[in-house]
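Asker: Shown below is the structure under consideration.
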Amino acid sequence: MADTKVRGAVEIDPTREPIVVVDDLHIIYRVFGAGGKGNAASAFSRVLRRQNRPSMTEVHAIKGLSFVAYRGEAVGIIGTNGSGKSTLLKAIAGLLPPHSGGVYTDGQPSLLGVNAALMKDLTGERNIVLGCLAMGMSPQETKAKYKEIVDFAGLKEGFIQYPMRTYSSGMGARLRFAIAAAKTHDVLLIDEALATGDAKFKVKSKRRIEELRREAGAVFLVAHQLDVVKETCDRVIWIDEGRMHMDGDPDEVIAAYIEATGK
Amino acid sequence: MSHPERLGSPGGESVGTIAEPPHVNEKLSDYAARYGLKQSAARPPLRKYIQDVWARRNFIWAFASAKNISMYTESRLGQLWQLLTPLLNVAVYFLIFGVLLNTKRGVPDFIPFLVTGVFMFGFTQRSITSGSKSVGDNLSLIRALHFPRATLPLAIAVVELQQLLLSLVVLLAIVLAWGEPITPHMLLFVPVVVLQLMFNVGASLIVARLGAFNRDITQLLPFVMRTWLYLSGVIFSLPSLMKAGSKLDQHPWAAELLKANPGYVYVELSRHVMLGKYRDYVHSEPGVPHSTTQLWLYAFAWAGVALVAGFMFFYRAEERYGRG
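Sequence order for the protein chains is A and B. Counting in full-length UniProt numbering, the first sequence runs from 1 upward without gaps. Counting in full-length UniProt numbering, the second sequence runs from 1 upward without gaps.
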């Protein structure tokens, strides 16, 4: 295989077109807790002494991760809680600045998280319209897509007229996914956003993810339900303590993961 | 080095075999650059950014309308509050400054004078206070979808414009009820509002960036705003404080500063345009500064400077909003 070049630990397939390149990525972020004694006097003395908030700690969440994802791939990311999966997605989406190294993408990645309520005081209907317009669709396109989104979200009769804060977590997640999936994304990052959906929705979302892949984008999926990952993804990355642990075929990686975690 | 053949193109393999040494030991960043991949969430060039914002004009309008509608959904009187809030504001200010403290000092038709001041200053004031929260309050939207963030403070300014348009109905009714004749001069009110809107957009873009990275700003702003209110001659006539022999007359630099204050400029200009009696009063009182031309010049300058500076200031942090 003369064409296969090895740079460090990353193997590159020259026949495919990369869409996300993660290059020796380090992410360190600061966590603020409820600082000090929590009263005004202690806060004041802290300001006077020019100290940082006492409970501020630096977390080295990603420690030198490198990989290349290609067009048309659905990459599952697995790992135990706190292994850096969500941090990685945020970094790919450009929401967390890299401490060193870099993330390179083609087009703007969109992150779909479990907490990404759009505007909870507005009705589902308005959230659809605003979401579509914010993604850059014209009012005509929005109108054309509206029905499709409502059908896809499969909300109960009448719920589309209620404010989103009245939705259950599953309904909210379904609507959010439906809105985000209405547009073709170059890179779609899904962080547990499908976990709260019911069985019927899982089938639908799996189909939609496959469509998005065929439209020559890439999909990243963080999920704890390994069966979902196995069904939807054609490549799985196992992250442990912010480092790459394994990268490859879903069946292999998941089997190794199950063995290691002793499930 | 030439661009490598794309996947699936016939003959791609033969290219690989013709001696051209593939990019051995190339760094990952160079490999990414070779395929035209860009640093994630980098700030687009200014031209593209402005085009993106313009392309979202429907979003700005829809977002503003939705905000306006959802604002009072929890209250029984609902949208009626859009009219009641400005009216109650006027009532409070009239009670305190018109009756109790008597800041009239010979200003003719004090009520229309006060109403114009309170409404027009409130327009700027609210644009700035809600502008400072426009990024922080919409983090989930920012993190969920990608769109130019400047649309958020812009939408906030439009929310306030929509509110103002309703208040203006009240204002016009009061002005007419106090026997102000309708003159073509009043048409000049439209450019005043447009200029003030431009200033508001600029100012709220600036505080939006400040508020996004430092939440303390939103705690501090109400105090700044209240001080500004008293410095802007909203509830009393600033020019009549500058009469010959007055304290301000002895400190001309302070008077000049007050006259250049954008809060004062837009409030006073609206009064000059809308209230004929007040205009005559300011022009006829001896020793009272009254240059309407100067007000217009300041109004244009503030609108232009604030809009351009605000947009540039906000744009330069575009890739950092929503991080953390």
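Backbone N, C-alpha and C fix where the C-beta goes; we use that ideal spot for every residue, glycine too. These figures come from a predicted structure and were not determined experimentally.
#1: If we ignore side chains and look at the alpha-carbon of each, how far apart do Val-192 (chain B) and Phe-113 (chain B) end up?
#2: Checking the sheet assignment: what are the DSSP bridge partners for residue 353 (chain B)?
#3: With H, G and I counted as helix, E and B as strand and the rest as coil, what does DSSP make of Ala-177 (chain B)?
#4: Tell me whether the beta-carbon of Ser-132 (chain B) lies closer than 9 Å to the beta-carbon of Gly-78 (chain B).
#5: In terms of DSSP beta bridges, what is His-60 (chain A) paired with?
#6: Label His-146 (chain B) either buried or exposed according to how many other C-beta atoms from any shown protein chain fall within 10 Å of its C-beta, with 16 as the threshold for buried.
#7: If we count the other Cβ atoms within 10 Å of its Cβ and call it buried at 16 or more, is Asp-30 (chain B) buried or exposed?
#8: Per the DSSP calculation, Gly-76 (chain A) is bridged to which residue(s)?
#9: So His-283 (chain B) is in the alpha helix (DSSP H); what residue range does that whole segment cover?
#10: Looking only at its own chain, which residues have a Cβ that is under 6 Å from the Cβ of Gly-102 (chain A), when we skip the five neighbours before and after it?
#11: Whose C-beta lies closer than 6 Å to the C-beta of Asn-200 (chain B) among residues of the same chain, with five residues either side of it excluded?
#12: Does chain A have any CB closer than 9 Å to the CB of Glu-256 (chain B)?
#13: Between which two residues does the alpha helix (DSSP H) holding Asp-249 (chain A) run?
#14: What three-state label does DSSP hand Arg-243 (chain A) in the structure shown?
#15: As a quick exercise: from B:Pro-86, B:Arg-57, B:Pro-222 and B:Ser-284, pick the residue whose alpha carbon is nearest that of Ile-174 (chain B).
#16: Looking at the structure shown, is Arg-316 (chain B) part of a helix, part of a strand, or coil, going by DSSP?
#17: Using the three-state DSSP reduction, which class does Leu-145 (chain B) fall into: helix, strand or coil?
#18: Kindly say whether residue 272 (chain A), judged by its beta-carbon, lies nearer than 9 Å to any beta-carbon of chain B.
#19: I'd like to know if Met-244 (chain A) contacts chain B, where contact means its C-beta is closer than 9 Å to some C-beta of that chain.
#20: By alpha-carbon positions, which one of B:Arg-56, B:Gln-196 and B:Phe-213 ends up nearest to Ala-317 (chain B)?
#21: Note down the Cα distance separating Pro-21 (chain B) from Gly-107 (chain A), rounded to an integer number of angstroms.
#22: State the Cα-Cα distance for the pair residue 325 (chain B) and Lys-277 (chain B), rounded to the nearest angstrom.
#23: Would you call the region 205-222 of chain A in contact with the region 64-74 of chain A, where contact means no fewer than 3 C-beta pairs closer than 8 Å?
#24: With DSSP as the reference, please indicate the residues paired to Gly-123 (chain A) in a beta bridge.
#25: In three-state DSSP terms, what is Arg-226 (chain B)?
#26: So what's Pro-18 (chain A) in DSSP terms, helix, strand or just coil?
#27: Just tell me which of B:Leu-275, B:Arg-226 and B:Pro-181 has its CA closest to the CA of Phe-189 (chain B).
#28: Going by Cα to Cα distance, which pick from B:Val-118, B:Ser-204, B:Gln-294 and B:Leu-161 is closest to Tyr-230 (chain B)?
#29: The region 121-139 of chain A: which residues have C-beta closer than 8 Å to a C-beta of chain B, in chain order?
#30: What are the start and end residues of the beta strand (DSSP E) that includes Asp-191 (chain A)?
#31: Could you list which residues in chain A have their beta carbon closer than 8 Å to that of Gly-322 (chain B), in chain order?
#32: Can you pull out the residues from the region 63-88 of chain A whose beta carbon lies closer than 7 Å to at least one beta carbon of chain B?
#33: For Ile-149 (chain A), name the three-state secondary structure that DSSP assigns.
#34: Output the boundary residues of the beta strand (DSSP E) element that contains Val-10 (chain A).
#35: What residue range does the alpha helix (DSSP H) around Leu-212 (chain A) cover?
#36: At least one CB of chain B closer than 9 Å to the CB of Asp-240 (chain A): is that the case?
Answerer: So, from the listed chains and residues:
#1: Numbered from 1 along the second sequence, position 192 holds the residue referred to as residue 192 (chain B). Numbered from 1 along the second sequence, position 113 holds the residue referred to as residue 113 (chain B). Straight across, the Cα-Cα distance linking Val-192 (chain B) with Phe-113 (chain B) is about 16 Å.
#2: For residue 353 (chain B) there is no data in the structure shown, the boundaries of chain B being 1 and 324.
#3: Your numbering for residue 177 (chain B) matches position 177 in the second sequence. In this structure, Ala-177 (chain B) counts as helix in the three-state DSSP scheme.
#4: Start at 1 with the first residue of the second sequence, and residue 132 (chain B) comes out as number 132. Start at 1 with the first residue of the second sequence, and residue 78 (chain B) comes out as number 78. Gly-78 (chain B) is positioned such that its CB atom lies no closer than 9 Å to that of Ser-132 (chain B).
#5: Locating residue 60 (chain A) in the first sequence gives position 60, counting from the first residue. Within the DSSP bridge table, the entry for His-60 (chain A) names A:Ile-28 as partners.
#6: Numbered from 1 along the second sequence, position 146 holds the residue referred to as residue 146 (chain B). Only buried fits His-146 (chain B), as 16 or more other CB atoms lie within 10 angstroms of its CB.
#7: By one-based count along the second sequence, residue 30 (chain B) stands at place 30. Asp-30 (chain B) counts as exposed, since fewer than 16 other beta carbons sit within 10 angstroms of its beta carbon.
#8: Counted from its first residue, the first sequence places residue 76 (chain A) at position 76. Bridge partners of Gly-76 (chain A): A:Leu-221 and A:Val-236.
#9: Here residue 283 (chain B) refers to the residue found at position 283 of the second sequence. Start and end: 276-284.
#10: Position 102 of the first sequence, counting from 1, holds the residue named residue 102 (chain A). Closer than 6 Å at the Cβ level, and outside the excluded window around Gly-102 (chain A), lie Asp-23.
#11: The sequence position of residue 200 (chain B) within the second sequence is 200, counting from 1. Close CB contacts of Asn-200 (chain B) within its chain, under the 6 Å cut and outside five residues either way in sequence, are with Thr-124, Ser-127 and Ala-157 (chain order).
#12: Here the question's residue 256 (chain B) lines up with position 256 in the second sequence. Answer no: the Cβ-Cβ gap between Glu-256 (chain B) and chain A never drops below 9 Å.
#13: For the purposes of this step, residue 249 (chain A) is identified with residue 249 of the first sequence, where counting begins at 1. Per DSSP, Asp-249 (chain A) lies in no alpha helix (DSSP H) and is assigned neither H nor E.
#14: Position 243 of the first sequence, counting from 1, holds the residue named residue 243 (chain A). Strand, per DSSP.
#15: Position 174 of the second sequence, counting from 1, holds the residue named residue 174 (chain B). Distances from the CA of Ile-174 (chain B) to each of B:Pro-86, B:Arg-57, B:Pro-222 and B:Ser-284 were compared; the closest alpha carbon is that of B:Pro-86.
#16: Here residue 316 (chain B) is taken as the residue at index 316 of the second sequence, counted from 1. Arg-316 (chain B) falls in the coil class under three-state DSSP.
#17: The residue labelled residue 145 (chain B) in the question sits at position 145 within the second sequence. Three-state DSSP puts Leu-145 (chain B) in coil, outside helix and strand.
#18: Residue 272 (chain A) is absent from the structure shown; chain A starts at 1 and stops at 263.
#19: As a first step, residue 244 (chain A) must be located in the first sequence, where it is residue number 244. False, the Cβ-Cβ gap to chain B never drops below 9 Å.
#20: Stepping through the second sequence from its first residue, residue 317 (chain B) is reached at position 317. Of the listed residues, the one whose Cα sits closest to Ala-317 (chain B) is B:Phe-213.
#21: Working through the second sequence from its first residue, we reach residue 21 (chain B) at position 21. Working through the first sequence from its first residue, we reach residue 107 (chain A) at position 107. Any answer about Pro-21 (chain B) is weak, because its pLDDT of 48 lies below 50 and its placement is not dependable; what the coordinates show is given next. Pro-21 (chain B) and Gly-107 (chain A) have their C-alpha atoms roughly 29 Å apart.
#22: Residue 325 (chain B) is absent from the model: chain B starts at 1 and stops at 324.
#23: Yes: at least three Cβ pairs fall under 8 Å.
#24: In the first sequence, residue 123 (chain A) corresponds to position 123, counting from 1. The sequence shown places Thr at residue 123 (chain A), not Gly. DSSP lists A:Pro-163 as partners of Thr-123 (chain A).
#25: Looking up residue 226 (chain B) in the second sequence gives position 226. In the structure shown, Arg-226 (chain B) falls within a helical segment according to DSSP collapsed to helix, strand and coil.
#26: Position 18 of the first sequence, counted from the first residue, corresponds to residue 18 (chain A). Strand at Pro-18 (chain A).
#27: On the second sequence, position 189 is the one that residue 189 (chain B) refers to. Nearest C-alpha to Phe-189 (chain B): B:Leu-275.
#28: Stepping through the second sequence from its first residue, residue 230 (chain B) is reached at position 230. Comparing Cα-Cα distances from Tyr-230 (chain B) to each of B:Val-118, B:Ser-204, B:Gln-294 and B:Leu-161, the minimum goes to B:Val-118.
#29: Taken in chain order, the members of the region 121-139 of chain A whose beta-carbon sits within less than 8 Å of a beta-carbon on chain B are Asp-121, Leu-122, Arg-126, Val-129, Leu-130, Gly-131, Leu-133, Ala-134, Met-135, Gly-136, Ser-138 and Pro-139.
#30: If you number the first sequence from 1, residue 191 (chain A) lands on position 191. Bounds of the beta strand (DSSP E) holding Asp-191 (chain A) are 187-191.
#31: What you label residue 322 (chain B) is simply residue 322 of the second sequence in a count that begins at 1. The answer, in chain order, is Leu-95.
#32: The region 63-88 of chain A vs chain B, Cβ under 7 Å: Ser-66.
#33: To locate residue 149 (chain A), count along the first sequence from 1; it is residue 149. Three-state result, Ile-149 (chain A): helix.
#34: Stepping through the first sequence from its first residue, residue 10 (chain A) is reached at position 10. Residues 10-12.
#35: Along the first sequence, read from residue 1 onward, the residue named residue 212 (chain A) stands at position 212. Judged by DSSP secondary structure, Leu-212 (chain A) falls within the alpha helix (DSSP H) whose first and last residues are 199-214.
#36: As a working note, residue 240 (chain A) is residue 240 in the first sequence. No, because no Cβ of chain B sits closer than 9 Å to the Cβ of Asp-240 (chain A).
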